[in-house]
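Student: Below is a structure I'd like to ask you about.
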DNA sequence: CCGAAAAAGATTGCATACGATTTTTGTGCA
DNA sequence: TGCACAAAAATCGTATGCAATCTTTTTCGG
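Residue numbers (my numbering), protein chains in the order written: chain A, 121 to 356; chain B, 121 to 356.
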């Protein structure tokens with residue numbers, strides 16, 4: 121049994137190893153342990169997870185589909201470095217989809233779901249209270265998980281997958297363009313949304329979600345700067 | 121210039137052959153030249169397109185991500201056979217997304233776009249007038265292309281890709297569960313939507329789109345039947 | 001000393017090879 | 001004939017090898 125197996129046996133009984141590697145890399149990207157622009161060479165990924173380039177390549181292809189890595193022919197794969205325009209499109213998509221997801225979830229939410237939401241909110245709160253970069257990462261991830269939980273409650277597998285992609289890309293965007301930690305604010309908004317769900321006020325849940333997304337995007341600084349392009353050119 | 125060109129010209133010149141094979145297979149699936157449940161073996165696809173299994177496998181993996189192909193470990197890839205529940209989710213997703221796309225497109229549409237829409241509608245009309253299964257296939261494809269054209273006008277690459285997936289899956293669903301050819305009706309609705317776009321009546325365009333999707337779904341017979349499961353069991 | 005061309009090294013794209021698993025075919029027995 | 005079981009064929013999952021392409025280093029002329 122190799123290292124990778126040891127790590128991921130608990131994670132999930134994924135059909136193939138490529139998917140497990142994909143999940144792991146995605147977490148690393150979303151957590152910002154892998155900075156935008158970082159090169160992900162097939163060989164390196166392969167040796168890191170103790171698989172051949174074939175499998176590593178498949179994992180990178182999956183991430184490329186999700187928009188988390190960008191591949192250039194004969195050059196390789198890099199952690200995506202979304203432009204301000206892409207960032208705007210991500211949030212435009214979320215503004216379009218998530219209020220509807222909130223309504224759908226509101227119509228199907230059970231008491232067990234509410235309990236799951238409460239647990240999720242608690243975890244979020246814990247990470248916000250903590251200090252340090254690790255807690256910060258966990259906080260971003262937990263914030264995204266709230267939206268994914270909502271999507272799963274909505275009961276539409278297709279929309280759920282779309283949301284997974286949008287949340288992951290949002291994490292990248294926030295990492296790149298986030299100005300402050302308006303996270304506490306985000307947390308209170310999450311709490312409000314759960315409250316609306318609990319009282320079956322679907323219209324309110326939808327409206328709160330829309331405002332929430334607006335607030336997240338308002339915290340971004342999407343002005344074009346030379347920074348990212350330069351860093352990109354220097355292959356950093 | 122067809123829709124596919126329209127979509128991918130902006131994206132990038134096709135990176136590799138796998139993508140070309142993917143496009144080809146997708147067309148075949150959407151056109152129903154490949155029936156749901158058909159086995160797509162890596163070797164067969166490879167020899168058919170004169171590439172190695174490696175490349176064929178990559179193409180099948182892409183289709184699997186789009187939901188057009190279902191892969192089973194150690195068994196292979198099959199053209200997707202969406203269940204009635206999946207069909208409902210596809211249309212629920214479209215009801216959520218496409219009215220918003222119509223509004224976005226309405227706010228950005230140019231006279232050149234209108235001309236493209238007119239050409240698209242003309243082509244649709246031609247296929248409807250013709251008889252025979254080939255025209256029928258082209259008609260379904262043209263109908264989908266209308267929605268993809270609208271998505272491209274909306275100017276959001278992420279939503280555009282979501283729509284590509286949803287339209288492709290819709291074609292599968294219609295092929296499986298379509299009752300009649302309410303296509304003429306669909307055509308007239310497309311015409312109306314273009315009219316709304318032309319007069320910049322965004323609210324109306326959005327409303328017409330929602331009704332249009334409802335009409336398409338209303339033409340489906342989503343009752344569960346033994347048929348597909350049996351055919352599936354027989355590996356046909 | 002600096003810049004450009006050339007060689008060396010690294011990395012990707014793709015094909016092929018081989019073990020593992022599944023499916024099909026063939027055979028013996030009731 | 002019909003069924004269980006084993007051999008054979010087909011197919012998949014994965015590793016590895018080679019050519020093409022890109023990147024880096026070295027070398028040489030100015």
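Glycine included, every Cβ here is placed at the ideal spot set by N, Cα and C.
1) Give the secondary structure of residue 199 (chain B) by DSSP, where H, G and I count as helix, E and B as strand, and everything else as coil.
2) Pull up the distance between the alpha-carbon of residue 326 (chain A) and that of residue 335 (chain A), whole angstroms please.
3) Pick from A:161, A:220, A:143: whose alpha carbon is nearest that of residue 322 (chain A)?
4) Are residue 200 (chain A) and residue 210 (chain A) touching if we call contact CB-CB under 8 Å?
5) Under a three-way DSSP split, which group does residue 318 (chain B) fall into?
6) Counting along the chain, where does the beta strand (DSSP E) carrying residue 192 (chain B) start and finish?
7) Could you pull the start and end residues of the alpha helix (DSSP H) that residue 232 (chain B) belongs to?
8) Rounded to whole angstroms, what is the Cα-Cα separation between residue 198 (chain B) and residue 157 (chain B)?
9) When you compare only the Cα positions, how much space is there between residue 162 (chain B) and residue 176 (chain B)?
10) Residue 152 (chain B) and residue 61 (chain B) - do their beta-carbons sit closer together than 8 Å?
11) Between residue 136 (chain B) and chain A, is the shortest Cβ-Cβ distance under 8 Å, so that the two count as touching?
12) Around the C-beta of residue 250 (chain A), are 16 or more other C-beta atoms found within 10 angstroms, so that it is buried, or is it exposed?
13) Taking the continuous alpha helix (DSSP H) assigned at residue 290 (chain A), which residues delimit it?
14) Could you run through the region 187-198 of chain B and flag, in chain order, every residue whose CB is less than 7 Å away from some CB of chain A?
15) Less than 8 Å between CB atoms is the rule here; does residue 80 (chain A) satisfy it with respect to chain B?
16) State the Cα-Cα distance for the pair residue 311 (chain A) and residue 241 (chain A), rounded to the nearest angstrom.
17) Where residue 262 (chain B) and residue 172 (chain A) are concerned, what is the direct C-alpha to C-alpha distance, given to the nearest angstrom?
18) I'd like the span of the alpha helix (DSSP H) that includes residue 183 (chain A), first residue to last.
19) Is DSSP giving residue 154 (chain A) helix, strand or coil here?
20) Tell me the residue span of the alpha helix (DSSP H) that contains residue 263 (chain B).
Tutor: From the atom records:
1) Strand at residue 199 (chain B).
2) Going by C-alpha positions, residue 326 (chain A) is about 14 Å away from residue 335 (chain A).
3) Residue nearest to residue 322 (chain A) within the set A:161, A:220, A:143 is A:220 (criterion: CA-CA distance).
4) Not closer than 8 Å, so no.
5) In this structure, residue 318 (chain B) counts as helix in the three-state DSSP scheme.
6) DSSP places residue 192 (chain B) in the uninterrupted beta strand (DSSP E) bounded by 189-192.
7) Segment 231-249, the alpha helix (DSSP H) holding residue 232 (chain B).
8) Looking at the two C-alpha atoms, the distance is approximately 5 Å.
9) Rounded to whole angstroms, the separation of the alpha carbons of residue 176 (chain B) and residue 162 (chain B) is 6 Å.
10) Any property of residue 61 (chain B) remains undetermined from this structure, which presents chain B solely from 121 to 356.
11) So, interface residue.
12) Around the beta-carbon of residue 250 (chain A), fewer than 16 other beta-carbon atoms lie within 10 Å, marking it exposed.
13) That run of the alpha helix (DSSP H) goes 277-297.
14) Contacts with chain A (Cβ-Cβ distance below 7 Å) from the region 187-198 of chain B involve 193, listed in chain order.
15) Residue coverage of chain A in this structure runs from 121 to 356, which leaves residue 80 (chain A) outside it and unanswerable.
16) Approximately 7 Å between the Cα atoms of the pair.
17) The straight-line gap from Cα to Cα measures roughly 43 Å.
18) It spans 173-186 - the alpha helix (DSSP H) in which residue 183 (chain A) sits, taken as one unbroken run.
19) Assigned with DSSP and collapsed to three states, residue 154 (chain A) falls in coil, not helix or strand.
20) For residue 263 (chain B), the enclosing alpha helix (DSSP H) has its first and last residue at 253-274.
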